[in-house]
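A.B. asks:
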Amino acid sequence: MKLRAIELRRLAVPLVRPFRTSFGTQSERDVLLVRVVTDDGEGLGECVALAEPVYSSEYVAAAQSVIADHLAPRLFAVRDLSGRGVQPALAGVIGHRMAKAALETAVLDAELRGYGVSLARYLGGVRDRVECGVSIGIAATIDALVEEVSGYLAQGYRRIKLKIEPGWDWEPVTAVRAAFGDDLMLQVDANTAYDAASAPRLRRLDAFGLLLIEQPFVEEDIAGHAALARSMSTPICLDESIVSASIAADAVNRGACSIVNIKAGRVGGYIEAVRIHDVCASLGVPVWCGGMLETGVGRAPNLALAALPNFKLPGDTSASDRYFAEDITEPFVLHDGCLKVPQGPGIGVDVRQDLVEQLTTSVQLLRA
Ligand code: NPG
Numbered sequence: 013m014k015l016r017a018i019e020l021r022r023l024a025v026p027l028v029r030p031f032r033t034s035f036g037t038q039s040e041r042d043v044l045l046v047r048v049v050t051d052d053g054e055g056l057g058e059c060v061a062l063a064e065p066v067y068s069s070e071y072v073a074a075a076q077s078v079i080a081d082h083l084a085p086r087l088f089a090v091r092d093l094s095g096r097g098v099q100p101a102l103a104g105v106i107g108h109r110m111a112k113a114a115l116e117t118a119v120l121d122a123e124l125r126g127y128g129v130s131l132a133r134y135l136g137g138v139r140d141r142v143e144c145g146v147s148i149g150i151a152a153t154i155d156a157l158v159e160e161v162s163g164y165l166a167q168g169y170r171r172i173k174l175k176i177e178p179g180w181d182w183e184p185v186t187a188v189r190a191a192f193g194d195d196l197m198l199q200v201d202a203n204t205a206y207d208a209a210s211a212p213r214l215r216r217l218d219a220f221g222l223l224l225i226e227q228p229f230v231e232e233d234i235a236g237h238a239a240l241a242r243s244m245s246t247p248i249c250l251d252e253s254i255v256s257a258s259i260a261a262d263a264v265n266r267g268a269c270s271i272v273n274i275k276a277g278r279v280g281g282y283i284e285a286v287r288i289h290d291v292c293a294s295l296g297v298p299v300w301c302g303g304m305l306e307t308g309v310g311r312a313p314n315l316a317l318a319a320l321p322n323f324k325l326p327g328d329t330s331a332s333d334r335y336f337a338e339d340i341t342e343p344f345v346l347h348d349g350c351l352k353v354p355q356g357p358g359i360g361v362d363v364r365q366d367l368v369e370q371l372t373t374s375v376q377l378l379r380a
């Protein structure tokens, strides 16, 4: 395939409810859609970078800028481009994995649409529906949290993830266990909000039989996570720390985690995500699919990834209505706690162009 043009489109998509984590509150999604135009057809990807560099160093304006100035020219220079060729072509640029992932997804989408093959099949998916959990932000009060959890359980979500931070950990977990019992699949996510001094507080969470505690410490602190893992019965799961398959293998081998959250955006794309899946499978470490409040364009490939065999725990792959009043694709709807894996060619979804136009805040066109 020869790449002819790339369209970078920013959308402002309101969230149905603000999402508060240890690093701030999101009430609108600043979405960057990447559309590639090739001589064999078009493809689409969504960049998961947030508006501000608070989850990682990437943010959406920087992703747009690095694509326009540094990544696009490298892809335009490739004579015969394929999805698998994107990561090697961009290897000279350090980092910027979310920007690279969006490009790789769009190129894969174009390529697979040409073959008539779904991304799920291409990546090695083995199931046609995946079990879904839901990630619940820090609430204003314990009562509001319990009500929110109750609403999602009524919809059928199979597991609950609570965002925690110092001062919002023991109490919300106690309240949710008291309200919904010990059988509820429950896990917590700290988004790096703790340090070694707070380890005793984290160890108290062992009383609750949680599925896992996600990313308690800062991303670089593999040794700290290993020490914490040795001192707690709750499994440690890493998210922000795991940016490649080699780091995943290293973290597991050093005992820093026994479960891995995979987000294709965080690791530079779906090809690297599959490598992480595979290395974790070979080490006996289960994985699950994270989320970054994606629209349907980003949700569809996440579901394709989550169809792989070592995705053993429900993901943060919630239905469209958990995030948006109206999704920019056909909505993903929960059936019996599961979402269907798209089976159409490429990412398997198309955008509602009228709605996309309404939500668009800017469009930038790059040409070969
Ligand atoms: O359901 O897509 C989702 C969100 C899941 O909690 C979630 N994501 O750190 O994993 C994370 C977190 C996050 C995403 C936090 C975006 C803040 C913004």
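If you read the sequence shown in the working numbering, its first letter stands for residue 13, the second for the next number, and so on. Glycine residues also receive a C-beta, built at the ideal position from the N, C-alpha and C atoms. The structure presented is a predicted model; accordingly, all values stated were derived computationally and were not measured.
Enumerate in chain order the residues of its own chain whose CB-to-CB distance from A257 is below 7 Å, with the five nearest sequence positions on each side excluded.
C.D. replies: Here the set comprises E284, R287, I288 and V291.
A.B. asks: Following the continuous beta strand (DSSP E) through T329, name the residue where it begins and the one where it ends.
C.D. replies: Here T329 belongs to no beta strand (DSSP E), and DSSP marks it neither H nor E.
A.B. asks: For my contact list, P354 and A316 are in at a C-beta cut-off of 8 Å; report their separation, rounded to the angstrom.
C.D. replies: 7 Å
A.B. asks: How many angstroms separate the CA atom of A318 from the CA atom of V297?
C.D. replies: Rounded to the nearest angstrom, the two C-alpha atoms are 15 Å apart.
A.B. asks: Can you tell me whether E308 is buried or exposed, with buried defined as 16 or more other CB within 10 angstroms of its CB?
C.D. replies: The question names Glu, yet the displayed sequence has Gly at residue 308. Classification of G308: buried, given that the 10 Å Cβ count is 16 or more.
A.B. asks: Report all residues from its chain with a CB closer than 8 Å to the CB of L346; omit the five preceding and five following residues, and keep chain order.
C.D. replies: Once the five neighbours on either side are set aside, the close Cβ partners of L346 are C144, Q167, G168, Y169, S330 and A331.
A.B. asks: To which residues does DSSP link D42 through a beta bridge?
C.D. replies: A24
A.B. asks: Quick one: Cα of P100 to Cα of P357, how far?
C.D. replies: 24 Å
A.B. asks: When the Cα atoms are used, what is the spatial distance from L295 to V264?
C.D. replies: 8 Å
A.B. asks: Only counting the same chain, and skipping five residues up and downstream in sequence, which positions put a Cβ closer than 8 Å to that of V78?
C.D. replies: V105, H108 and A111
A.B. asks: So what's M197 in DSSP terms, helix, strand or just coil?
C.D. replies: strand
A.B. asks: What is the residue span of the alpha helix (DSSP H) that R96 lies within?
C.D. replies: In this chain, the alpha helix (DSSP H) harbouring R96 covers G95 to L102.
A.B. asks: In chain order, which alpha helix (DSSP H) runs of at least 4 residues are fully inside the stretch 202-244?
C.D. replies: Counting only runs of 4+ residues, the alpha helix (DSSP H) found wholly inside the stretch 202-244 occupies 211-215 and 234-243, in chain order.
A.B. asks: Hey, is the stretch 125-138 in contact with the stretch 319-328, meaning 3+ C-beta pairs nearer than 8 Å?
C.D. replies: Between the stretch 125-138 and the stretch 319-328, the count of C-beta pairs closer than 8 Å reaches three or more; the two stretches touch.
A.B. asks: Apart from the five residues on each side of it in sequence, which residues of its chain come closer than 7 Å, Cβ to Cβ, to E183?
C.D. replies: I154
A.B. asks: If we call anything under 8 Å between Cβ atoms a contact, is F229 one with V185?
C.D. replies: no
A.B. asks: Give the secondary structure of G55 by DSSP, where H, G and I count as helix, E and B as strand, and everything else as coil.
C.D. replies: Three-state result, G55: strand.
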